[in-house]
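Residue numbers (this note's numbering), protein chains in the order written: chain A, 1 to 208; chain B, 1001 to 1474. Glycine residues also receive a C-beta, built at the ideal position from the N, C-alpha and C atoms. Since the structure is predicted, the reported quantities are computational estimates derived from the model, not experimental observations.
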């Protein structure tokens, strides 16, 4: 029931931080050589993206995996050769996770069925939310790493559901302990020196 | 029907080429006692019992760098015992078999070849999490462009009991789907990283689609939950494979072309450290296997001294050697030593001796070979053959089985009779009779006037070699 481990992990990491546009980006390198990158909005102080690069054991480089936020479209033409092995068709449901100050939010696009088709339950054993559909078209186990980090189990009463524009929105109210953990994390990040982006600096100079 | 039968025969033929293909294991019971005739092994009870203990050592995986020598007269079952050990170990433990003369190659040095063989005999089991897609195929659609060339477009819809999703297929994976002949109603898994598609079976709900199904068709339940799962898979690779993949000059393609060349010692050191690290973290398990070197007297003094050192390493496999030589010259020196192996290496070994077969055992072996070669032999013929084997050699008698079988088939008989054996015995000479003829008719052969040069070298089998060596030294 505490977030000590997480705070220790953050403290143990080699951190680097810089500003880019309206975002502050932070890169963590953990002692076990995993990497994490975060992107905080400068306006709201809320985290917008977090991605992990977990090292692989045998052969091949690890790739970044998004934990939350919108995926960045891959603009590298080398990766757009159509040589992907298999990928979900773009008409299929896709899930995006977002954090706001008070809530954790998931948006599942491309789900045209009415609201009474869905049921979202908090599965204490799996430490996850389970999305089910009555017509058996969609099923998803959503893990909530934030809750695991502070040792909390998901609670049914904190879940609420909306459905509009073919999108199912699941909102989970942040428990107090989680809010506290985020504040503590931000306090640590305050001490990390931030490099200024040269572009911003130049623009500032040109403006004068 | 007849077509089927022919096809079946073709497949089994391929497996029967080897001289030791009838061996299925060491033929030991639970307490490692040798059964008289079991798993294709006959006699040699002591040697088999000893080999069983070696297998036990390897299975426990605690011992590194043990060395075992199987010594015995020609055709007393040394290679058979090694093959039996390999079979008893199963496919999980790596078993590398090589002949002593294999290390002499122009492409790489002798010690490199030995080192690669040693590292091929050590397996590493690595656990890794991969993402897979597992589900029942609802619909599969592969479109070819009308012109006949160009990229194919594919789409597949998969479902579990809880959900359904359709996927776009890339060009490579379409090939995999076509090769596996995936169709609606199959339960498949796709490895997301490598694109490997494998068929688990057919869905139970589709069991009544066809009136007749092949005997191999397996029916499985439709999976539950999400289509994409994370699953822990276990890779078993050998140290040599990791070496090749990580040696920068070649890359993993060298594994398929076989052209690996020499691998730098630094690469090997790095990999050893890495594997040790994984082992401490509990991510990998080391699975030491067996390196079998047949005709070990063909190795030279450099190889023996290399082996001396290599066996000290804690990553060394159990090395089993076999030789049929008595006291003979160590290759590359002028010294003679038991089995042609230096005394200091012999000192590190435990020696298993095989003894010549008695007549009864020879009969059993011939019987097993007859069965293996699908040959129906009359009891009298078998007795004659046993006599021949006893007087000449077991290998010669085994040759007579298949040739005799052919002769009997030509006269449309179902059984090989005594006269068939007589006929092949007169048609094909054994070593004794052949050398007898040579002695009698030596004058009629070519170049018989050049003589007396190597008669001075004595009865050593490698009698031409000493002269060359002597020339080099002087």
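Task: Distance between residue 1187 of chain B and residue 1027 of chain B (C-alpha atoms, nearest Å) - done: Walking along the second chain from the start, residue 1027 of chain B turns up at place 27. Walking along the second chain from the start, residue 1187 of chain B turns up at place 187. Roughly 40 Å between the two C-alpha positions.
- [ ] Scan the stretch 128 to 144 of chain A for residues whose Cβ lies nearer than 8 Å to a Cβ of chain B and list them as they occur along the chain.
- [x] 132, 133, 136, 137, 138, 139, 140, 141
Task: Delimiting residues of the alpha helix (DSSP H) encompassing residue 145 of chain A - done: On the first chain, position 145 is the one that residue 145 of chain A refers to. 145 to 149 is the extent of the alpha helix (DSSP H) around residue 145 of chain A.
Task: Min CB distance residue 3 of chain A to chain B below 7 Å - done: Translated into the one-based positions of the first chain, residue 3 of chain A becomes position 3. Taking Cβ atoms only, chain B never reaches closer than 7 Å to residue 3 of chain A, which makes this a no.
TODO: Go ahead and label residue 1077 of chain B buried or exposed: buried means 16 or more other beta carbons lie within 10 angstroms of its beta carbon, across all protein chains shown.
DONE: In the second chain, the residue the question calls residue 1077 of chain B occupies position 77. That one is buried.
TODO: Report yes if the CB atom of residue 1132 of chain B is closer than 7 Å to the CB atom of residue 1191 of chain B, and no otherwise.
DONE: Residue mapping note: residue 1132 of chain B aligns to position 132 of the second chain, counting from 1. Residue mapping note: residue 1191 of chain B aligns to position 191 of the second chain, counting from 1. Cβ distance < 7 Å, so residue 1132 of chain B and residue 1191 of chain B count as in contact.
- [ ] Verify the CB distance criterion: does residue 88 of chain A have a CB-CB separation below 7 Å to chain B?
- [x] The residue you call residue 88 of chain A lines up with position 88 of the first chain. With 7 Å as the cut-off, residue 88 of chain A counts as an interface residue toward chain B.
Task: Three-state class that DSSP yields for residue 131 of chain A in the structure shown - done: Residue 131 of chain A sits at position 131 when you count from the first residue of the first chain. DSSP places residue 131 of chain A in strand when its eight states are reduced to three.
Task: Where residue 1315 of chain B sits in the DSSP three-state scheme - done: What you label residue 1315 of chain B is simply residue 315 of the second chain in a count that begins at 1. Note: residue 1315 of chain B maps to coil in three-state DSSP.
Task: Extent of the continuous beta strand (DSSP E) to which residue 1141 of chain B belongs - done: Taking the first residue of the second chain as position 1, residue 1141 of chain B is located at position 141. Looking at the DSSP string, the run of the beta strand (DSSP E) that includes residue 1141 of chain B is 1122 to 1143.
- [ ] With DSSP collapsed to three states, give me the class of residue 1420 of chain B.
- [x] One-based indexing of the second chain puts residue 1420 of chain B at position 420. Helix.
Open item on the list: Using a Cβ distance threshold of 8 Å, determine whether the stretch 1024 to 1041 of chain B contacts the stretch 1100 to 1107 of chain B, with at least three qualifying pairs required.
Closed with: no
TODO: Tell me, please, whether the CB atom of residue 66 of chain A is closer than 7 Å to any CB atom in chain B?
DONE: Here the question's residue 66 of chain A lines up with position 66 in the first chain. So no, residue 66 of chain A is outside the interface.
Open item on the list: Quick check: residue 1286 of chain B and residue 1279 of chain B, are their CB atoms within less than 7 Å of each other?
Closed with: Taking the second chain and counting its residues from 1, one reaches residue 1286 of chain B at position 286. Taking the second chain and counting its residues from 1, one reaches residue 1279 of chain B at position 279. For residue 1286 of chain B and residue 1279 of chain B, yes; Cβs fall inside 7 Å.
Open item on the list: For residue 1046 of chain B, tell me which candidate among B:1383, B:1355, B:1412 has the shortest Cα-Cα distance.
Closed with: Position 46 of the second chain, counting from 1, holds the residue named residue 1046 of chain B. Of B:1383, B:1355, B:1412, the residue nearest in Cα terms is B:1355.
- [ ] Give, in chain order, every unbroken run of the beta strand (DSSP E) that is at least 3 residues long and sits entirely within the stretch 1221 to 1292 of chain B.
- [x] 1228 to 1238, 1284 to 1288
TODO: Using 10 angstroms around the beta-carbon of residue 1106 of chain B, count the other beta-carbons present and answer buried if the total reaches 16, otherwise exposed.
DONE: Along the second chain, read from residue 1 onward, the residue named residue 1106 of chain B stands at position 106. So residue 1106 of chain B ends up on the exposed side.
Task: Span separating the alpha-carbon of residue 1396 of chain B from that of residue 1436 of chain B - done: The residue labelled residue 1396 of chain B in the question sits at position 396 within the second chain. The residue labelled residue 1436 of chain B in the question sits at position 436 within the second chain. Each residue's alpha carbon lies about 16 Å from the other.
Task: Minimum C-alpha distance to residue 1154 of chain B - residue among A:12, A:51, A:89, A:31 - done: For this step, residue 1154 of chain B is matched to residue 154 along the second chain. That would be A:89, whose Cα lies nearest to the Cα of residue 1154 of chain B.
Open item on the list: Do residue 1373 of chain B and residue 1402 of chain B count as a contact pair if the criterion is CB distance below 7 Å?
Closed with: Counting from 1 along the second chain, the entry for residue 1402 of chain B is found at position 402. Counting from 1 along the second chain, the entry for residue 1373 of chain B is found at position 373. Against a cut-off of 7 Å, the Cβ pair of residue 1373 of chain B and residue 1402 of chain B comes out as a contact.
- [ ] Look at the alpha carbon of residue 185 of chain A and the alpha carbon of residue 10 of chain A, and state the distance between them as a whole number of angstroms.
- [x] Residue numbering aside, residue 185 of chain A sits at position 185 when the first chain is read from its first letter. Residue numbering aside, residue 10 of chain A sits at position 10 when the first chain is read from its first letter. Whole-angstrom Cα-Cα distance: 8 Å.
TODO: Please say whether residue 1240 of chain B and residue 1056 of chain B have beta carbons closer to each other than 7 Å?
DONE: Here residue 1056 of chain B refers to the residue found at position 56 when the second chain is read from its first residue. Here residue 1240 of chain B refers to the residue found at position 240 when the second chain is read from its first residue. For residue 1056 of chain B and residue 1240 of chain B, no; Cβs fall outside 7 Å.
Task: Chain-order list of residues whose beta-carbon lies under 7 Å from that of residue 4 of chain A (same chain, five-residue window excluded) - done: Within the first chain, numbered from 1, the residue matching residue 4 of chain A stands at position 4. Taken in chain order, the list of residues that qualify is empty.
Task: Neighbourhood of residue 1069 of chain B by C-beta distance below 6 Å, restricted to the same chain and skipping five residues each side - done: Along the second chain, read from residue 1 onward, the residue named residue 1069 of chain B stands at position 69. Result list for residue 1069 of chain B: 1321, 1349, 1351, in chain order.
Open item on the list: Taking its Cβ as the centre, do 16 or more other Cβ atoms sit within 10 Å of residue 40 of chain A, making it buried, or is it exposed?
Closed with: On the first chain, residue 40 of chain A is found 40 positions in, with the first residue counted as 1. Looking at its Cβ environment, which holds 16 or more other Cβ atoms inside 10 Å, residue 40 of chain A is buried.
Task: Neighbour flag for residue 85 of chain A against chain B, beta carbons, 7 Å - done: The residue you call residue 85 of chain A lines up with position 85 of the first chain. Chain B contact via Cβ: present.
TODO: Alpha carbon to alpha carbon, how far is residue 176 of chain A from residue 1227 of chain B? Give it in angstroms, no decimals.
DONE: Counted from its first residue, the second chain places residue 1227 of chain B at position 227. Counted from its first residue, the first chain places residue 176 of chain A at position 176. Whole-angstrom Cα-Cα distance: 34 Å.
- [ ] Could you please give me the residues that DSSP links to residue 1338 of chain B through a beta bridge?
- [x] The sequence position of residue 1338 of chain B within the second chain is 338, counting from 1. Bridge partners of residue 1338 of chain B: B:1327.
TODO: Output, in chain order, the set of chain A residues within a Cβ distance shorter than 7 Å of residue 1166 of chain B.
DONE: Position 166 of the second chain, counted from the start, is the residue given in the question as residue 1166 of chain B. Neighbours of residue 1166 of chain B on chain A, chain order: 89, 92.
TODO: Give me the Cα-Cα distance between residue 103 of chain A and residue 1262 of chain B, rounded to the nearest whole angstrom.
DONE: Within the first chain, the letter at position 103 stands for residue 103 of chain A. Within the second chain, the letter at position 262 stands for residue 1262 of chain B. Their backbone Cα atoms lie some 59 Å apart in a straight line.
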